[in-house]
Each structure stands twice: as structure tokens, then as C-alpha cells.
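End of the first sequence = 424 in this note's numbering, gap-free, step of one. The C-beta atom is built at its ideal place from N, Cα and C for all residues, glycine as well. Small disclaimer: the values here were computed from a predicted structure and weren't measured. Reviewing the structure listed below.
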Amino acid sequence: MLDIRSIREDSESCQQRLKARGGDAWKLITEVLECDEQRRSGETEKQVLQQDRNRLSKEIGKMRSQGEDSAEVEAQVRGIGEQIKVIGEKTEKADSRQRELLLQIPNLPHEDCPEGADETANPEIRTWGEKATFEDFEAKDHLTLGGQLNLFDFELGAKISSSGFVVYTGAGARLQRALIQFLLDLHTREHGYKEVNPPVVVNRECMFGTGQLPKFEDDMYGIEDNAHFLIPTAEVPVTNLFRDTIQNGDDFPIKVTAATHCFRREAGAAGRENRGLIRMHQFDKVELVNVVHPDQSLAQLEVLTNEAEKVLQTLGLHYRIIELCTGDVGFSSTKTYDIEVWAPGQNEYLEVSSCSSFGDYQARRMKLRFKDENGKNRLCHTLNGSGTALPRLYVALLETYQQADGTIRLPEVLHPYFGAAEIG
RNA sequence: GGAGAGGUGGCAGAGUGGUCGAAUGCAGUAGUCUUGAAAACUACCGUGCCGCAAGGUACCGUGGGUUCGAAUCCCACCCUCUCCGCCA
Numbered sequence: 001m002l003d004i005r006s007i008r009e010d011s012e013s014c015q016q017r018l019k020a021r022g023g024d025a026w027k028l029i030t031e032v033l034e035c036d037e038q039r040r041s042g043e044t045e046k047q048v049l050q051q052d053r054n055r056l057s058k059e060i061g062k063m064r065s066q067g068e069d070s071a072e073v074e075a076q077v078r079g080i081g082e083q084i085k086v087i088g089e090k091t092e093k094a095d096s097r098q099r100e101l102l103l104q105i106p107n108l109p110h111e112d113c114p115e116g117a118d119e120t121a122n123p124e125i126r127t128w129g130e131k132a133t134f135e136d137f138e139a140k141d142h143l144t145l146g147g148q149l150n151l152f153d154f155e156l157g158a159k160i161s162s163s164g165f166v167v168y169t170g171a172g173a174r175l176q177r178a179l180i181q182f183l184l185d186l187h188t189r190e191h192g193y194k195e196v197n198p199p200v201v202v203n204r205e206c207m208f209g210t211g212q213l214p215k216f217e218d219d220m221y222g223i224e225d226n227a228h229f230l231i232p233t234a235e236v237p238v239t240n241l242f243r244d245t246i247q248n249g250d251d252f253p254i255k256v257t258a259a260t261h262c263f264r265r266e267a268g269a270a271g272r273e274n275r276g277l278i279r280m281h282q283f284d285k286v287e288l289v290n291v292v293h294p295d296q297s298l299a300q301l302e303v304l305t306n307e308a309e310k311v312l313q314t315l316g317l318h319y320r321i322i323e324l325c326t327g328d329v330g331f332s333s334t335k336t337y338d339i340e341v342w343a344p345g346q347n348e349y350l351e352v353s354s355c356s357s358f359g360d361y362q363a364r365r366m367k368l369r370f371k372d373e374n375g376k377n378r379l380c381h382t383l384n385g386s387g388t389a390l391p392r393l394y395v396a397l398l399e400t401y402q403q404a405d406g407t408i409r410l411p412e413v414l415h416p417y418f419g420a421a422e423i424g
């Protein structure tokens, strides 16, 4: 949620930043300001009346205790009560409309977020490693490899659930488990994360807190008449762990990681570009969440991105970092780096991590604050990034480390986790 | 799922219609005392909104209602705990 005060103070530049995203959200600002005006004048008016009512009510109490007749004053207060009700309803209406609008307005892209209309304008920031080459054979894709090695079964997934779900089998399931363990160990041992294992079913409040609601209800699996949802990412439960709290500034940066299943309807995404494991309705992901001091967030985004990159470096997988331009940054995000791993069998880069700073946007929605040096409550900044998503990491791993005979030679760090050096 | 109890400030715990935003204790902050610390004592010590400020106003699980006035009464919902049932 944007700060109504800063909208009030400089609606012009606020609209400019929203326009940089594309879309129509900037048009809502005018109505927000109207509501704000009504809300504040109504509130002031109401308070004056409440003040009168409180004063007179106390007098009634006094009069009665002294045995005086208070009927006249009572009638007067009754009249004030009516007025309060009328003005209160009007104010309440403006207030809830204002809130409704604010919840629909995305975050402002950061000043140093590159301008651009869509993903084609996303600049490449850096790359690491080299594309894997295969001298004496043609690289197969993960579907072929996984099929030969019986690592996963899409038909079984469809049979017991529906398309978009997969059953990992045998060594394939074990590899998945090994990867999760490896990732959690990396982040907890080397990057100082605290591990949690949260629910994957959360209430609506959480979804408002991180920004999935109200705009993206259709992207999620709802249960019990959408009173609860399956999480699309661990960002939701983990960040909301801190909802409505006042943190101690000395604890910054707060770093929490979680491996969870993630569920996405991916409505309208079915199609050729998403064959195999690349876009699933259910997948595993290790998420990194940071809660930081406002002054730290930009620097911390670099740290967080480095931590996610470390995964690929450790596994020896070639990747590139893309920065999302103003037209492509996510709804709640103010600045985002995507990490894309090279998948030789696909002959393309796959997004395995999206590292974002949300500024105070999520914190304001979920009332996540800290006490600053002067004892004042201020909003924290939140960040998160995947560290990393599993299926695409899995794809890159199989396709990068395939051998001529279709077996997979695993990078050394995974040997103890997987319990073998090769699959096949 | 059934029966009962309960949800008040960081915690504990008073408060059953009127100076209650809320006693008291603990914790915390500042100070006095002390060579230092502890103890003792003194003061401060929830959150939001409106306002330049003074100040005002709202919040006692959530939402409604009754009343001149609600933490206190009524209704609904949510949550927690205990016992029983069921169960990985």
C-alpha cells in the first residue's frame, strides 16, 4: 500500500511513477485524494461531536448521582448521537473506498529501476559461468532424460490430480529431496538464515498483507469459499509471520528461509512454452525473506541476490541476472532482479529466482513496524527472493550434467545429499 | 465432532453500565543513591487517526446491537485452553 500522506503531498510524481509501470492504476489517484479529503473533514467533524457527547454524558452521570433531572440533556445527547451516526457513516464510506483503491494500486518502481514497457526492456546485469557444451553428442532435454531414467511421471500426476501436477519417482524423488536439503543447509549455515516450516494454507489477511489480494485472487487455489488459500510462494506465510508486530531495530536484518510446496493456478498459461517441469501447478521452492531497516533495503537486495546466486555457483550452473524494468516489476515490488539459469536442453534461460525489495509497501499493508533510535514506530522494509525454485533448478541440473549415455553426473556438493555421484 | 471455560497493555492480572485508556505486579527506559554493581527510591513506560501545535478522538478477540453513556449488557463469528471422541 502506498502512503496516503506522500500521495497527498506529491500526487504528481506519484502518478508519474505509476505511469512508468504501464496500466491504469495512476488514474485511481484522483479518487483516492477525493476520498482522503472527505475522510479527513468528516473525521474532524465527527470528533467535535464526539467531544460534546462525551462531555454531556459525563454530566448526566453527575446529575443523576446528585438526584437531578437530566432528561433535557439526555435528549440533547440523543440528537448529537444521530448526527455522529450520519457523519460517521459518510466518513466510513470514504475511508473504506480509499482503502479499497489503495489496495489496488501497485508499488512505485524505484528511481533507479530501468525504464521500459515490458520484459524486452529488461537489461542484463551480469552473467556467471559459461553455457555448457556437448562435444560428441546432442544435448537432450529434461523430459527425455527424466523419461529414460524414470525420474518423474506426468501421466501419474494427471491421473491422481490433473495436468500440471507431476509425480517424482525413485531417484527423481530422492534428488528433489536432496536439493531441498542442500538449499536449506546452504542458507542456514552460510547465510545466517533461520529456518521455518510454515503452513501452506493461509487466510485472506495474509494474502492482503503481501499483496496477492485483492488483485490476484484467480491465480490462487482457494479453499472453503476462498476463506483460505494454498500459498503461491512461501513469501506469504513467512513474511506474514511478522504481520502486526513492532520489531526491535537491533535485530535487523531479520532473515528467514522456508522450503514449501507452492501452488499456482497458472490460468491461461497452458501451452507450448511450458512443457515439462517448467511451469507446474504445484512445485517446491526454498524462499528467502528479509525484514530490514528502511536504510538497508537497497543494499540488502544486493546481498539477497548474491545469496540466491550462490546456489547456482555452488552447483556450477551458468546463469545471468536480469533487472526488471518499470513495466515488468511485480505488483508489490519496487526493484527486482531475476536470476535465470541456463538449460542446455531447452536452449534457453529459465527464471529460477526473483529477488525483490518491496520498500515499505508490504509492511504498510501488514502493519510491520520497528522502534527506531528515537523510540518512534516506523515501517520496516521487506525483501524476498527464491533460493531457489526447485523444478527449474532440477531441469538445469539434469540438462547441464547429462552425459552421452543419458546418465547424469551430479556436482560434488550434492553427492552426500543424494547418496551417489550419478543418476542412471 | 461433543461438553465446558476463557479471550483486557511486552507478560501476569484487576475491572460487570458513568471522571476506565483502563488498578496492581513483573519486565523495560531515565534518574537519585553507590567507588562500581545490586537493592531501595523517584519519574516515565500501548497503538492508530485528525491537528503546525495545544489538544482531540478511537481502540479491552472481530463484527453488529441496546443505551444519553459499553471493557462491562445482548447477538453472531473467530481463536485459545480443559475433558471426551477420532486420528498421523
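Q: For Ser-356, count neighbouring C-beta atoms within 10 Å of its own C-beta (all shown protein chains included) and say buried if the count is 16 or more, exposed if not.
A: Classification for Ser-356: buried.
Quiz item: In three-state DSSP terms, what is Glu-373?
Solution: Here Glu-373 carries a coil assignment [DSSP, helix/strand/coil].
Would you kindly work out how many angstroms separate the C-alpha atoms of Gly-316 and Leu-410, rounded to a whole number?
Note on geometry: alpha-carbon atoms of Gly-316 and Leu-410 lie some 10 Å from one another.
Please state whether the Cβ-Cβ distance between Arg-364 and Glu-340 is less than 7 Å.
No.
Q) Can you list, in chain order, the stretches of the beta strand (DSSP E) that have 3 or more residues and sit fully within the segment 228-281? A) Within the segment 228-281, the runs of beta strand (DSSP E) at least 3 residues long that lie entirely inside it are, in chain order, 228-230, 245-248, 254-263.
- Starting from His-381, follow the beta strand (DSSP E) in both directions and report where the run begins and ends. Annotation: the continuous beta strand (DSSP E) that includes His-381 extends over 381-389.
Look at the alpha carbon of Thr-245 and the alpha carbon of Arg-39, and state the distance between them as a whole number of angstroms. Cα to Cα, Thr-245 sits roughly 26 Å from Arg-39.
Exercise. Please report how far the alpha carbon of Gly-276 lies from the alpha carbon of Asp-338, in whole angstroms.
Key: Each residue's Cα considered, the two are about 21 Å apart.
Practice prompt. Could you spell out the range, first to last residue, of the alpha helix (DSSP H) harbouring Lys-335?
Written response: Element bounds for Lys-335: not the alpha helix (DSSP H) but the beta strand (DSSP E), 335-343.
Here's the rule: buried if 16 or more other CB atoms are within 10 angstroms of the residue's CB, otherwise exposed. What is Ile-160? Classification for Ile-160: exposed.
ask   = Thinking C-beta only, is Pro-198 closer than 7 Å to Ala-258?
value = Yes, the pair counts as a contact, with Cβ atoms nearer than the cut-off.
- Task: Please go through the same chain and pick out, in chain order, the residues whose beta-carbon is closer than 6 Å to the beta-carbon of Gln-15, but skip the five residues on each side of it.
- Result: Excluding sequence neighbours, Gln-15 sits near Trp-26, Ile-29.
Considering Asn-306, what are the terminal residues of the alpha helix (DSSP H) in which it resides? Boundaries of the alpha helix (DSSP H) around Asn-306: 297-315.
Burial state of Ser-297 (16 or more Cβ within 10 Å): Of the other Cβ atoms in all chains shown, 16 or more fall within 10 Å of the Cβ of Ser-297; this residue is therefore buried.
query: Considering Arg-204, what are the terminal residues of the beta strand (DSSP E) in which it resides?
result: From DSSP, Arg-204 is part of no beta strand (DSSP E) but of the alpha helix (DSSP H) over 204-210.
Report the rounded CA-to-CA distance for Glu-456 versus Glu-266, giving the unit in angstroms.
-> Outside the shown range of the chain (1 to 424) lies residue 456, about which nothing can therefore be said.
Practice prompt. Tell me where the beta strand (DSSP E) around Ser-11 begins and ends.
Written response: Looking at the DSSP string, Ser-11 is not in any beta strand (DSSP E); the run it does join, the alpha helix (DSSP H), is 11-20.
query: Who does Thr-127 pair with in a DSSP beta bridge?
result: DSSP output for Thr-127 lists Arg-320 as bridge partner(s).
Q) If you compare alpha carbons, which of Ala-420, Gly-424, Thr-382 is closest to Val-238? A) Here the closest residue by C-alpha is Thr-382.
Item to complete: Find out if the Cβ-Cβ distance for the pair Ile-423, Ala-171 is shorter than 7 Å.
Response: Yes, they are a contact pair.
Q) By the 10 Å Cβ neighbour count, where 16 or more other Cβ atoms means buried, how is Thr-133 classified, buried or exposed? A) Its Cβ having fewer than 16 others within 10 Å, Thr-133 is exposed.
| message | At the level of alpha carbons, what is the spacing between Lys-140 and Gln-402? | response | Between the C-alpha atoms of Lys-140 and Gln-402 there is a straight-line separation of about 8 Å.
### Task
Indicate the three-state DSSP secondary structure (helix, strand or coil) for Gly-419 in the structure shown.
Of the three classes helix, strand and coil, the one that applies to Gly-419 here is coil, per DSSP.
For Ile-4, which residues from the same chain have a beta carbon less than 8 Å from its beta carbon, with the 5 sequence-adjacent residues on both sides left out? So the list reads Val-32, Asp-36, Gln-98, Leu-102, once near-sequence residues are dropped.
Legend entry - DSSP-derived helix/strand/coil call for Ser-354: The three-state reading of DSSP puts Ser-354 in strand, counting E and B together.
Note to self: Quick check: Pro-114 and Pro-106, are their CB atoms within less than 7 Å of each other?
What the structure shows: Taking 7 Å as the cut-off, the Cβ atoms of Pro-114 and Pro-106 do not count as close.
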